[in-house]
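Novice: Protein chains in written order, with this note's numbering: chain D, 1 to 577; chain P, 1001 to 1166.
Note that beta-carbon positions come from the ideal geometry of N, C-alpha and C, so glycine has one too.
It should be emphasised that the depicted structure is a prediction, and the values quoted were computed from it without experimental measurement.
The structure follows.
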């Protein structure tokens, strides 16, 4: 039967197992949206307030479920509004298919109304992209887009479809099954035997893992390896939630704002086994100092990551789940009591340092900023502290998916939130996209997950328009704004490295987030103290739709510890004098 | 820093040159020259890239190229086992006082004069990069009006082939 290109798109999406798409209509996708309307009982479309929100929502949906997230936008500005969302997904290896409309083929290249070469624009931020100029190639191109997005190291793929291709008609035969990903690379026996030999010889092995464990569904294999060789584990920001935070072998995130114990343990190790991580500069600090004291085994699915940032003594390309399982078979079961004693010591040291840092009261020397903490009228020691906020929220949130924006609140949540299951911590790690949170939270909620968003007043301000979407969708979403009236992370750098020149980081805004929530049709409460937050959190988690908790915190709360940019473990800052 | 020459077989689809050259740009690798052309099978094109760098950079470039969806084969060509050629077209002033010198240079370099006018000569020369460089250097004093060179193409000697025919 002859059907239109627009219908082919929708039928192919359904064929690929897609039941929810995010997007925003426009002139060059109006045909596609007509088909979405006609097929609305088979596929949901969630309309966001802005295409960026839709892209982040597709990303959040993909991270929360492991499925491919799909976003649809029109040509020109619709397409360019996706760019930040696509780049965010690319840097964090999130499977996504972005579909854009474009002007009809005959108008391409003539600077037509709302024409942009989105394939050119997104070339460096996609795994691959396509423009479909022949309707006969449309279905197979979309299938290939899904295949590429979910194969190997996942990532975003864009398909640009000119309007005349959506209008044209062509035969279409649906496939019985979604496309099967390309076979995964297979770690060689030889390399794994070498790795096992290095591990058996090591006295102080340490496992560093990243988001590859989550993407590769390798949590159980990772834990089995750590337990068999009696090695502590730490992770990158992207690795969070791969193992339960409370696992006895897990020391937490490491890197710029990582846990003291994991960062020091790694430095004292004689062998670091890296699984599914890429050594971002935020994780390593000074690259020349980073791997000085230990031998390094690096196992990753993407051969281009091996030796890219940190040269490894042994580099293994392979599917992480399979490689970790086979490596566990090969290693000798061993207890390393000396090393464990040292690790226990580091944990204790970290506990004391944290306690000490938390006992210090802030806000004494607030200067003349107009941060809301000045207006609480509370003595500094009675104000809400960031860790208290995370603790109170986590005690109410059950098994909710945690989403963050980017900044201080992100690091506090990353350091402190007790995570239990993979795919429950969604954050923009590689790109560090402020404004990621609202869209991603809507995407995770659309996948049927209860969701908590930690955000800051800066990040929230970037895409708070999506509160409208959350209200429309009746999203069960608790939005926790750590409201300090400043762009806290940059301010922290200005305090430490720029002589307290608070250039453009003091927001001086008069936004009332409670009234704002109400204006959007949501609920909101402002909290100055832990008691107030306890009460409000109960209400928030019992509420049906989105609920804003405006938590007022001091503008001089710092994220600690901190390895200064380009610094190393020797330069770790654990208190602000 | 060494110069490396890599041969890349790519799907013959629109945008593939941008993808390959764009990878070099955005990852900060410098290209000495890049040529692209048809192959024996219509579905594929062959790109020859020369760049300077160390062993580590070479490996990173190969790995990144292999990740591109349209790239089918990548091979670092062993320069001792490879025929490397470049084509030069160069236009020089045609003046009586040194016409004979130019003719001699053309003959010795096995170049060809492919256009002759009262005021200008166009010479064609094929060879390795160093030979082309030397020829240009030699013609400089006579007044080079314009020139263009293709960049290198390279093919391995003997049985070794770089191809994806399926």
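Which one or two residues does DSSP pair with residue 1035 of chain P in a beta bridge?
Specialist: For residue 1035 of chain P, which the question treats as bridged, DSSP gives the partners P:1048.
Novice: Report the option in D:387, D:433, D:509 whose CA atom is closest to the CA atom of residue 480 of chain D.
Specialist: Among D:387, D:433, D:509, the Cα nearest to that of residue 480 of chain D belongs to D:387.
Novice: In or out: residue 566 of chain D buried (at least 16 other Cβ within 10 Å) or exposed?
Specialist: Exposed is the call here.
Novice: Does the distance from the CB of residue 213 of chain D to the CB of residue 239 of chain D come in under 8 Å?
Specialist: Yes. Within cutoff.
Novice: Would you decide whether residue 1143 of chain P is buried or exposed? Buried here means 16 or more other CB atoms lie within 10 Å of its CB.
Specialist: By the neighbour-count rule (16 or more Cβ atoms within 10 Å), residue 1143 of chain P is not buried but exposed.
Novice: Cα-Cα, which of D:538, D:475, D:513, D:114 is closest to residue 464 of chain D?
Specialist: When each option's Cα is compared against that of residue 464 of chain D, the closest is D:513.
Novice: According to a CB-to-CB cut-off of less than 9 Å, which residues of the stretch 1018-1032 of chain P neighbour chain D?
Specialist: Listed by position along the chain: 1018, 1019, 1022, 1023, 1025, 1026.
Novice: Does chain P have any CB closer than 8 Å to the CB of residue 304 of chain D?
Specialist: Yes - at least one Cβ of chain P is within 8 Å of the one on residue 304 of chain D.
Novice: Determine, for residue 308 of chain D, whether the minimum Cβ-Cβ distance to residues of chain P falls below 8 Å.
Specialist: Output row for residue 308 of chain D: interface = yes.
Novice: Measuring straight from C-alpha to C-alpha, what distance separates residue 558 of chain D and residue 333 of chain D?
Specialist: Each residue's Cα considered, the two are about 41 Å apart.
Novice: Would you report the Cα separation of residue 561 of chain D and residue 576 of chain D, rounded to the nearest angstrom?
Specialist: Their backbone Cα atoms lie some 10 Å apart in a straight line.
Novice: Less than 8 Å between the C-beta atoms of residue 199 of chain D and residue 91 of chain D, yes or no?
Specialist: No, the Cβ-Cβ distance between residue 199 of chain D and residue 91 of chain D is not below 8 Å.
Novice: Which residue comes first and which comes last in the alpha helix (DSSP H) that contains residue 382 of chain D?
Specialist: Counting along the chain, residue 382 of chain D falls outside any alpha helix (DSSP H), and DSSP gives it neither H nor E.
Novice: Are the C-beta of residue 119 of chain D and some C-beta of chain P separated by less than 8 Å?
Specialist: For residue 119 of chain D, the answer is yes, since a Cβ of chain P falls inside 8 Å of its Cβ.
Novice: Quick one: which unbroken beta strand (DSSP E) runs of 3-plus residues sit fully inside the stretch 451-497 of chain D? Chain order, please.
Specialist: Counting whole runs of 3 or more residues, the stretch 451-497 of chain D contains the beta strand (DSSP E) stretches 451-456, 477-483.
Novice: Looking at the unbroken beta strand (DSSP E) that takes in residue 70 of chain D, where does it start and where does it end?
Specialist: Looking at the DSSP string, the run of the beta strand (DSSP E) that includes residue 70 of chain D is 69-73.
Novice: Which residues in the same chain as residue 224 of chain D place their Cβ atom closer than 6 Å to its Cβ, once the five residues preceding and following it in sequence are excluded?
Specialist: So the list reads 328, once near-sequence residues are dropped.
Novice: Our contact map puts residue 389 of chain D next to residue 235 of chain D with C-beta atoms below 8 Å; I'd like the distance itself, whole angstroms only.
Specialist: Actually they do not touch by this definition, with Cβ atoms about 23 Å apart.
Novice: Residue 585 of chain D bridges to which residues according to DSSP?
Specialist: The first residue shown for chain D is 1 and the last is 577, placing residue 585 of chain D beyond what the model contains.
Novice: Does DSSP classify residue 240 of chain D as helix, strand or coil?
Specialist: In the structure shown, residue 240 of chain D sits in coil (DSSP, three-state: anything other than H, G, I, E or B).
Novice: Which chain D residues are close to residue 1056 of chain P, counting only those with a beta carbon under 9 Å from its beta carbon?
Specialist: The answer, in chain order, is 307, 311.
Novice: Using a Cβ cut-off of 7 Å, pull out every chain A residue sitting near residue 148 of chain D, in sequence order please.
Specialist: This model lacks chain A altogether; the protein chains it does include are D and P.
Novice: First and last residue of the alpha helix (DSSP H) that includes residue 209 of chain D?
Specialist: It is not in any alpha helix (DSSP H) - residue 209 of chain D instead sits in the beta strand (DSSP E) that spans 205-209.
Novice: To the nearest angstrom, how far is it from the Cα of residue 498 of chain D to the Cα of residue 491 of chain D?
Specialist: If I take the Cα positions, the gap works out to 9 Å.
Novice: With respect to the beta strand (DSSP E) encompassing residue 1112 of chain P, which residues constitute its N-terminal and C-terminal limits?
Specialist: Its beta strand (DSSP E) spans residues 1112-1116.
Novice: Taking only three categories from DSSP, how would you classify residue 1005 of chain P?
Specialist: Residue 1005 of chain P: strand per DSSP, three-state reduction.
Novice: Considering only DSSP beta bridges, list what residue 1023 of chain P is partnered with.
Specialist: According to DSSP, residue 1023 of chain P bridges with nothing at all.
Novice: Beta-carbon of residue 247 of chain D versus every beta-carbon of chain P: anything under 8 Å?
Specialist: For residue 247 of chain D, the answer is no, since every Cβ of chain P falls outside 8 Å of its Cβ.
Novice: To the nearest whole angstrom, what separates the beta carbons of residue 1125 of chain P and residue 1088 of chain P, a pair I think is in contact under 8 Å?
Specialist: That pair is a contact at about 5 Å.
Novice: Can you say whether residue 1028 of chain P is buried or exposed, counting buried as having 16 or more other CB atoms within 10 angstroms of its CB?
Specialist: It counts as exposed.
Novice: Use the C-beta contact count for residue 1135 of chain P: other C-beta atoms within 10 angstroms, 16 or more gives buried, fewer gives exposed.
Specialist: When all chains shown are included, residue 1135 of chain P counts as buried.
Novice: Taking buried to mean at least 16 other C-beta atoms within 10 Å of its own C-beta, is residue 119 of chain D buried or exposed?
Specialist: Flag for residue 119 of chain D reads buried.
Novice: Of all the alpha helix (DSSP H) runs that stay within the bounds of the stretch 497-566 of chain D, which reach a length of 4 or more residues?
Specialist: Within the stretch 497-566 of chain D, the complete alpha helix (DSSP H) runs of at least 4 residues are 513-520, 530-542.
Novice: Residues of the stretch 1099-1111 of chain P in Cβ contact with chain D at a cutoff of 7 Å, in chain order, please.
Specialist: Answer in chain order: no residues at all.
Novice: Excluding sequence positions up to five away, which residues of its chain have a Cβ less than 6 Å from the Cβ of residue 323 of chain D?
Specialist: Within the same chain, residue 323 of chain D has close Cβ partners 187, 299.
Novice: Can you give the Cα-Cα distance for residue 14 of chain D and residue 206 of chain D, rounded to whole angstroms?
Specialist: Rounded to the nearest angstrom, the two C-alpha atoms are 44 Å apart.
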